[in-house]
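I have placed the structure first, in the form of structure tokens, so that the comments after it can refer back to it.
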């Protein structure tokens, strides 16, 4: 039963019981409405309390039902709320821990609200590209007032119950028993009439027109391509300008409009994609995990230091190993400086800084790291260097320790073969800057034990990362795909575009930065090293030589103050460089290519469809478990625009036949051999399918 019914004296208690957050799916709504009707029919019952079992009052509507018949099936959430509101006996919402979305809207439909302190109160629908669709935009302003209600609805951020005294009739003491206290409160008001209804209140805000116009201007500037925040302002405005029923109808219309928008679908896709990424079909949810109470990091450079910070932030002691004291000192100083910068911004206390630095120790000897539960190698991206490290780790690490490599492209199975315990080896590919980027690509080798994979996934959550599992291949999911994107960017240079035009087109599409600014940030020498390896291993793959010529000029990117663009000290702005542009134009001439005008549409299609096509091959080969995992990699690690849902979701919205037709067209042009449509893409396009089914 997803809602339980009990009677305590003269008070009926309806407990929502649909773990984990008592989402109000059809079964829960039906049982709760039946409970209210049962209480109304029982003469001995004088009042009704609605509460939630476990760790929530209610997290709101069951989003698994979105776009399904159950979402609108009766009793709908509207009907449930109306049943509580029109009850002839007082209904009290007894709130604890989590009260969000439809859960808060339900409580606003009750006659009274009581709460425990510390409960998280929110209407977070805007984060899914929606607005509260069950009266939240009409009732919350009537209780809290126009301005605080608008702030809560537009931000979607939770507020603690004790900070919202206007919302509650009583907030109990922290050590009180919620149910006992709520039943006592219900008995106290059982005979009070008339029953108070939020809908009967007025929103009183002097000069509300000016405030609403100011809000529209502010929200429009902040919302960017997302339509929901501005729609939230308009529906909240209706609480002042319309009668309650008209405002409710207006809210419903705008909700139904938003649920069909690509932006909302993309946000909901990302929401589910993040949750499903941690599920691996052959690794059951109850797989035991190895305890991670201490970590060792090999290498105190940019990556090693950033990785160490993740463990320190999670309260896990770290021993940092380097070959030279000077490198260790520099690495530790950088970590401290990063924390001090966060302290200056007011996002960290001195106490927390001291606590985290206190968990950090360093060594020049492998013998001192042997007892760590996990060791993460973050040394130079060269197989010989990795081999030396892993042979040493195999000697010194205790049995059962997890040996992780932060390689971004190298063969994890080969790295595992340098040890006598390949079952304990796994890839943990952090993204730079590692203490900031959310993505953690978890690379599963052919010998990686299931409990090691389960531990890495659990650890990613503890480190506040989005862990996505990848199989072993050159570049895994993210870098294997970005290579095709970068190849197209290079070919576009040869054909007639310049770095600035390509970057601007990509950024207008929504990327955080275009391919050339990204190259300058990452370091163009890294790509150069990979290409040199490719020229030997895969001579059949063609690349534009422009990037090699750039590196031969010594222009490695931001770290040298010169890459595709020029950079000034203390200024990350990219300034186009005449010499670089002249080199590109000369290279086209050397190849005998007549440069042409290239449209932004062609630039975007070639960049994005190169990702999509390689993503389809990755899916087909089983390197990624599902299309949404690829989307997650790109949303959290590569700055793909969130409102487009990731490359595979975007391809679905464009229509796979359209994507395939564009790829075939580009296959007729310069370097057309780079476009071999993936068999899976061809199959799905022909069958009218999609990547994210």
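Numbering (this note's numbering), first residue to last: 8 to 700.
The beta carbon of each residue, even a glycine, is placed where N, CA and C say it ideally should be.
{"query": "Extent of the continuous alpha helix (DSSP H) run through residue 497", "result": "485-502"}
{"query": "Contacts around residue 582, its chain only, beta-carbon distance under 8 angstroms, and the 5 residues preceding and following it disregarded", "result": "572, 573, 574 and 575"}
{"query": "Residue 229, DSSP secondary structure in three states", "result": "helix"}
{"query": "Burial state of residue 107 (16 or more Cβ within 10 Å)", "result": "buried"}
{"query": "Contiguous beta strand (DSSP E) assignments of at least 3 residues, all confined to the stretch 20-92", "result": "54-59"}
{"query": "Cβ-Cβ distance between residue 285 and residue 30 below 8 angstroms", "result": "no"}
{"query": "DSSP state of residue 429 mapped onto helix, strand, coil", "result": "helix"}
{"query": "Same chain only: Cβ atoms within 7 angstroms of residue 176, ignoring 5 sequence neighbours per side", "result": "119, 120 and 121"}
{"query": "The stretch 314-323 contacting the stretch 431-451, beta-carbon criterion three pairs below 8 angstroms", "result": "yes"}
{"query": "Candidates 43, 85 and 23: closest to residue 66 by CA position", "result": "23"}
{"query": "Local conformation of residue 598 per DSSP, three classes", "result": "helix"}
{"query": "Those runs of the beta strand (DSSP E) which lie wholly inside the stretch 279-330 and span at least 3 residues", "result": "302-305 and 325-328"}
{"query": "Extent of the continuous beta strand (DSSP E) run through residue 389", "result": "Taken as a continuous stretch (DSSP letters only), residue 389 belongs to no beta strand (DSSP E), as it is neither H nor E."}
{"query": "Opposing strand residues paired with residue 167 [DSSP bridges]", "result": "127"}
{"query": "Bridge-paired residues (DSSP) for residue 106", "result": "65 and 128"}
{"query": "Residue(s) in a DSSP beta bridge with residue 575", "result": "578"}
{"query": "Cβ pair count under 8 angstroms reaching 3, the stretch 214-222 against the stretch 73-85", "result": "no"}
{"query": "beta-carbon residue 491 near the ligand ATP non-hydrogen atom, thresh 7 angstroms", "result": "No copy of the ligand ATP appears in this structure; indeed no ligand is present at all."}
{"query": "Distance, residue 153 Cα to residue 178 Cα", "result": "22 angstroms"}
{"query": "Residue 350 versus residue 361 - alpha carbon distance", "result": "11 angstroms"}
{"query": "Residue-chain proximity (residue 327, chain B), Cβ-Cβ < 8 angstroms", "result": "This model lacks chain B altogether; it includes just one protein chain."}
{"query": "Contact set for residue 147: own chain, Cβ-Cβ below 6 angstroms, skip 5 residues either direction", "result": "156"}
{"query": "Residue 485 versus 620, 255 and 49, residue with shortest Cα-Cα distance", "result": "620"}
{"query": "Helix, strand or coil at residue 209 [DSSP, three-state]", "result": "coil"}
{"query": "Option in 19, 638 and 643 with minimal Cα separation from residue 45", "result": "19"}
{"query": "Whole-angstrom distance between residue 337 and residue 370, CA atom to CA atom", "result": "13 angstroms"}
{"query": "Contact between the stretch 503-510 and the stretch 621-633 (3+ Cβ pairs under 8 angstroms)", "result": "no"}
{"query": "Bridge partners - residue 437, DSSP secondary structure assignment", "result": "447"}
{"query": "Inter-stretch contact at 8 angstroms, needing at least 3 Cβ pairs: the stretch 376-396 / the stretch 298-310", "result": "yes"}
{"query": "Segments of 4+ residues assigned as alpha helix (DSSP H) that fall wholly inside the stretch 543-570", "result": "553-559"}
{"query": "Per DSSP, the bridge partner or partners of residue 120", "result": "100"}
{"query": "Reduced DSSP secondary structure (H/G/I, E/B, other) of residue 268", "result": "coil"}
{"query": "Burial state of residue 164 (16 or more Cβ within 10 Å)", "result": "exposed"}
{"query": "Residue nearest to residue 101 in terms of C-alpha spacing, selected from 244, 124, 94 and 95", "result": "124"}
{"query": "7 angstroms CB neighbourhood of residue 281 in its chain, flanking five on each side removed", "result": "473 and 639"}
{"query": "CB of residue 53 within 8 angstroms of CB of residue 197, strictly", "result": "yes"}
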